[in-house]
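Student:
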Amino acid sequence: MEFKKPFIQLEQFYFMAKMDEIIQNARAANRKALTEFESKIILSELGLPVTKQFLVKTKEEAIKSANELGFPVVMKLIAEDIVHKSDVGAVKLNLSSNKDVEEVFEHLMKIDAKGEKAVSVQEMAKKPITEIIIGSLQDPQFGPAVMFGIGGVMVEVMKDVSFRITPLTPFDAEEMIKEIKAYKMLDGYRGAPKADIESIKNILLIISQFVDTHLEIAEMDLNPIFVYEKGLKIVDARIILK
Ligand code: ADP
Ligand code: MG
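Counting from 729, one number per residue, gives the positions in the sequence shown under this note's numbering.
1) Can you tell which of V955, M803, L950 has the C-alpha that lies nearest to the C-alpha of I770?
2) Count the other CB atoms, across all protein chains shown, that sit within 10 Å of the CB of A923; report buried if there are 16 or more and exposed otherwise.
3) Should L836 and V819 be called a contact, given that it needs their Cβ atoms to be closer than 7 Å?
4) Mind reading off the beta-carbon distance from L998 to V816? Whole number of angstroms is fine, and I expect it under 8 Å.
5) Near K768, what residues of its chain come up, given a Cβ to Cβ distance below 8 Å and the 5 sequence neighbours on each side ignored?
6) Suppose the cutoff is 6 Å on Cβ atoms and the five residues either side in sequence are ignored; what does the same chain contact list for K787 look like?
7) Do F891 and M875 have their beta-carbon atoms positioned less than 7 Å apart in this structure?
8) Between the Cα of V883 and those of P952, S936, F870, spot the shortest distance and give me the residue it belongs to.
9) Do K898 and S936 have their C-beta atoms closer together than 7 Å?
10) Whole angstroms is fine: what's the gap from L797's alpha carbon to A853's?
11) Any beta carbon of chain D sitting closer than 7 Å to that of D828?
12) Please list, in chain order, all residues of the same chain as I861 whose beta carbon is under 8 Å from its beta carbon, the five residues on each side excluded.
13) Pick from K845, K970, Y956: whose alpha carbon is nearest that of P868?
14) May I ask you to check if the CB of H812 is nearer than 6 Å to at least one heavy atom of the ligand ADP?
15) Give the DSSP-derived three-state secondary structure of K970 in the structure shown.
16) Which ranges does the alpha helix (DSSP H) cover as unbroken runs of at least 4 residues, wholly within the segment 787-835, from first to last along the chain?
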């Protein structure tokens, strides 16, 4: 008989050295919002799949990182006051040569931003079946809660999301996924392949356990997460401290 592994190994929570360092740094700088780069490091310490990423400050480092990742790559300007990166032209997708990387690096570094600027060179995630959003918040009365929705207009316009107070059980996670109207998008709509629901359940449970045991995390916004037939990839993330 096969035993299923628990969804997260408890000892993982005792070795999150980088997370502590990131939070201390942000606190020292009087900063509540962690950058995408910092947020993804924390998520990867939780064992969650994020796009491979490098943070660079020179053109040479950018080219070296892109070649290490393999083309195509994505480049984004990372600065503390840029929240919606694409609104200010700070996200450049599908870059396929050293020349692209050079040009985009120069362009990104010219964007107006407060404080220190750096560029994230990251793996370009392949096209998903669908994009999902997972978030967390702290309810003043009930404490941490986890949110789930399908990316794009369904969340922004239709407010088609589900919420649960933590800690989530595997049953809660499954219900959260199935109760949104856009669930069809995950379930092989019009001949499309079915999305990996088990992986979505798993990430909901990990986020639940994390925010439930780390009350210093005020909010999380993983938006979007690309979902595949097998597995998923966190493409953008934002963590806000209390
Ligand atoms: P914003 O801060 O504007 O939300 P994102 O980092 O979410 O910026 O990037 C905007 C969009 O670009 C994403 O919704 C996604 O569709 C696409 N994107 C961003 N990063 C990647 C990546 N590494 N691989 C593939 N697509 C990406
Ligand atoms: Mg985003």
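Note that beta-carbon positions come from the ideal geometry of N, C-alpha and C, so glycine has one too.
The structure displayed is predicted, hence computed values, not measured ones.
Tutor: From the atom records:
1) L950
2) buried
3) no
4) As shown, the chain starts at 729 and ends at 970. That puts residue 998 outside it, with no answer to give.
5) V778, T779, Q781, I962, A965
6) E830, F833
7) yes
8) P952
9) Here residue 898 turns out to be Pro, not Lys, going by the sequence shown. Contact: no.
10) 11 Å
11) The structure shown contains no chain D, having only a single protein chain.
12) M875, F876, G877, I878, G879, V883, V889, D949, L950, N951, P952, I953
13) K970
14) yes
15) coil
16) 787-797
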